[in-house]
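Chemist:
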Amino acid sequence: MNQNNMPPSAAEYQNRTLDTMCVNESTLTHKWYHNLKYLAVGIIFGITFVKAEIISWYRIQEMFRFQSFHMYGVIGTAILTGIISVWLIKRTGVKTIYGERIEFHDKKFNKGQIIGGLLFGLGWAITGACPGPLFAQIGAGTLVVAATLLSAIAGTWVYGYFRDRLPH
Amino acid sequence: MLHITQPWPWYVAGVVAGLTVPALLLLGNKHFGISANLRHVCAACVPGRVRFFDYNWKKEMWNLFFAAGIIVGGYLASQYLSTPDPVVLHPDLKKELATYGITEHAGLLPQQLFSLETLFSLRGFLLFIVGGFLVGFGARYAGGCTSGHAIMGLSTLQWPSLVATISFMIGGFIMANIVLPLILSL
């Protein structure tokens with residue numbers, strides 16, 4: 001199965017990037033099994049989520065009550081590691097394993113980052129999970145979280161439906 | 169000597185999570201973000217005629233593989249790397265939760281809350297259904313979640329991501345300290 005037989009049009013690119021941070025900058029097409037390397041990265045990430053108790057509802061409650069440094073430490077160190085990594089990538093001009101130039105784009109500010117951000121924060125503190133931990137919690141055997149995930153998908157759909165009528 | 173089955177300290181977890189950013193970039197120019205998967209599921213399964221879901225989601229298939237990996241990783245860690253020790257929590261939180269009748273703390277999630285029985289109660293409806301809806305709706309409205317904004321966005325020094333991250337935290341403070349106690353008292 002070949003993904004993406006056609007290069008994306010400018011309109012599609014704009015639509016795709018509009019409200020999503022996760023962007024595939026690659027213009028190459030590969031067989032599906034090339035995606036297995038992302039599965040591998042996900043596995044490492046998922047194990048870390050569980051072992052560092054990032055998927056714990058308790059840790060999220062402690063974070064928002066200032067009762068524990070743990071989550072601040074995790075997120076802070078992750079950002080610092082990311083900043084150094086991105087700086088190194090830009091500085092050295094290193095290419096992807098397929099020889100592509102690594103692309104970065106600036107994010108544009110809109111009101112959604114405040115309104116949506118507040119709504120997301122409310123949900124994060126109730127469920128004790130942002131989207132990543134939702135997947136890990138299900139994998140770790142708390143199957144009832146599938147209800148939360150389905151509801152999150154529904155929330156995404158409703159946003160998409162009303163998007164043009166919401167302030168941005 | 170720290171054993172791998174013990175809970176990992178924050179600085180180990182933070183570095184591993186942070187290294188996801190360059191790993192995805194180097195493997196294929198991919199920008200770290202997880203909540204976008206929810207959008208890809210909509211685009212793949214129920215696009216309706218919504219323009220927001222009218223894009224080639226197959227190009228973003230890598231992200232669904234990444235999410236599947238997180239599920240597998242969660243399974244592996246809980247099956248093969250888990251410790252039988254109960255989760256350690258702050259005494260104030262323990263005391264507060266006891267007032268809502270949440271007293272058993274064996275796993276990473278309080279089993280008295282995360283059960284099918286709770287799901288079909290008012291408390292569960294607010295916890296799972298409303299909570300999940302806010303996560304999905306809010307993340308997309310904000311243009312990303314903790315991974316896309318707080319980690320990837322701040323790693324590339326994007327100030328709108330800082331605005332989003334601060335908004336996440338304010339929303340969380342309000343919920344955890346003011347609204348959630350009311351929900352848990354139900």
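Protein sequences, first through last, are from chains L and W. The first sequence begins at 1 in this note's numbering and counts up by one. The second sequence begins at 169 in this note's numbering and counts up by one. For each residue, glycine too, the CB sits at the ideal point set by N, CA and C.
Does Arg219 (chain W) come out as helix, strand or coil in the three-state DSSP assignment?
Modeler: Shown here, Arg219 (chain W) sits in a helix according to DSSP, grouped into three states.
Chemist: Using a Cβ-Cβ cut-off of less than 8 Å, give me the residues of the segment 42-53 of chain L that come near chain B, in sequence order.
Modeler: The structure shown contains no chain B; its protein chains are L and W.
Chemist: Of the residues W:Ala310, W:Pro328, W:His258, W:Gly241, which one's Cα is nearest the Cα of Ser171 (chain L)?
Modeler: Residue 171 (chain L) lies beyond the range of chain L shown here (1 to 168); nothing can be said about it.
Chemist: Buried or exposed: where does Met229 (chain W) fall if 16 or more other Cβ atoms within 10 Å of its Cβ makes it buried?
Modeler: buried
Chemist: Using beta carbons (cut-off 7 Å, strictly below), is Pro254 (chain W) in contact with chain L?
Modeler: no
Chemist: Exposed or buried, what is Trp178 (chain W) when buried is set at 16 or more other beta-carbons lying within 10 Å of its beta-carbon?
Modeler: buried
Chemist: Near Lys280 (chain W), what residues of its chain come up, given a Cβ to Cβ distance below 8 Å and the 5 sequence neighbours on each side ignored?
Modeler: A quick correction: the sequence has Gln, not Lys, at residue 280 (chain W). Correct list, in chain order: Gly269, Ile270, Thr271, Glu272, Thr286.
Chemist: Scan the segment 309-322 of chain W for residues whose Cβ lies nearer than 7 Å to a Cβ of chain L and list them as they occur along the chain.
Modeler: Tyr309, Ala310, Gly311, Gly312, Cys313, Thr314, Ser315, Gly316, His317, Ala318, Ile319, Met320, Gly321, Leu322
Chemist: Suppose you measure from the CA of Gln326 (chain W) to the CA of Ile319 (chain W); what does that come to, to the nearest Å?
Modeler: 10 Å
Chemist: Mark Ile346 (chain W) as exposed unless 16 or more other C-beta atoms lie within 10 angstroms of its C-beta, in which case mark it buried.
Modeler: exposed
Chemist: Tell me which same chain residues have a C-beta within less than 7 Å of the C-beta of Thr188 (chain W), skipping the five on either side of it?
Modeler: The beta carbon of Thr188 (chain W) sits closer than 7 Å to those of Phe200, all from its chain and outside the five residues before and after it, given in chain order.
Chemist: My understanding is that Leu322 (chain W) touches Thr333 (chain W), with C-beta atoms under 8 Å, so please give their C-beta distance in whole angstroms.
Modeler: Contact between Leu322 (chain W) and Thr333 (chain W) is confirmed by a C-beta separation of about 7 Å, below the 8 Å threshold.
Chemist: Compute the beta-carbon to beta-carbon distance between Leu284 (chain W) and Val145 (chain L), rounded to the nearest angstrom, for a pair I have assumed lies under 8 Å.
Modeler: Contact doesn't hold; Cβ gap of about 11 Å is too wide.
Chemist: Whole-angstrom Cβ separation of Ala136 (chain L) and Gly242 (chain W), contact assumed at under 8 Å?
Modeler: Indeed they touch by this definition, with Cβ atoms about 4 Å apart.
Chemist: Given Trp225 (chain W), which residues of its chain have a CB within under 7 Å of its CB, disregarding the five upstream and five downstream residues?
Modeler: His208, Ala211, Ala212
Chemist: Span of the alpha helix (DSSP H) holding Glu62 (chain L)?
Modeler: Segment 57-64, the alpha helix (DSSP H) holding Glu62 (chain L).
Chemist: Tell me the rounded alpha-carbon separation between Tyr72 (chain L) and Ile89 (chain L).
Modeler: 25 Å
Chemist: If you measure from the beta carbon of Tyr38 (chain L) to each beta carbon in chain W, is any gap under 7 Å?
Modeler: yes
Chemist: Identify the residues that DSSP records as bridge partners of Arg101 (chain L): which are they?
Modeler: L:Lys95
Chemist: Give the secondary structure of Lys198 (chain W) by DSSP, where H, G and I count as helix, E and B as strand, and everything else as coil.
Modeler: strand
Chemist: Is Gly155 (chain L) closer than 7 Å to Phe301 (chain W) when the C-beta atoms are compared?
Modeler: It is a contact, given that the beta carbons lie within the stated cut-off.
Chemist: Please confirm if the segment 108-119 of chain L is in contact with the segment 35-43 of chain L, defined as three or more CB-CB distances below 8 Å between the two stretches.
Modeler: No, the segment 108-119 of chain L is not in contact with the segment 35-43 of chain L.
Chemist: Which residues in chain L sit within 7 Å of Thr188 (chain W), going by Cβ to Cβ distance?
Modeler: Val41, Phe45
Chemist: Specify, as a first and last residue, the run of the alpha helix (DSSP H) that Glu272 (chain W) falls within.
Modeler: Segment: none, Glu272 (chain W) is in no alpha helix (DSSP H) and carries neither H nor E.
Chemist: Using a Cβ-Cβ distance cut-off of 7 Å, determine whether Tyr33 (chain L) contacts chain W.
Modeler: no
Chemist: Could you tell me which whole alpha helix (DSSP H) segments of length 4 or greater appear in the segment 268-318 of chain W?
Modeler: 284-287, 299-310
Chemist: Does any C-beta atom of chain W lie closer than 7 Å to the C-beta of Arg165 (chain L)?
Modeler: Cβ-Cβ to chain W under 7 Å: no for Arg165 (chain L).
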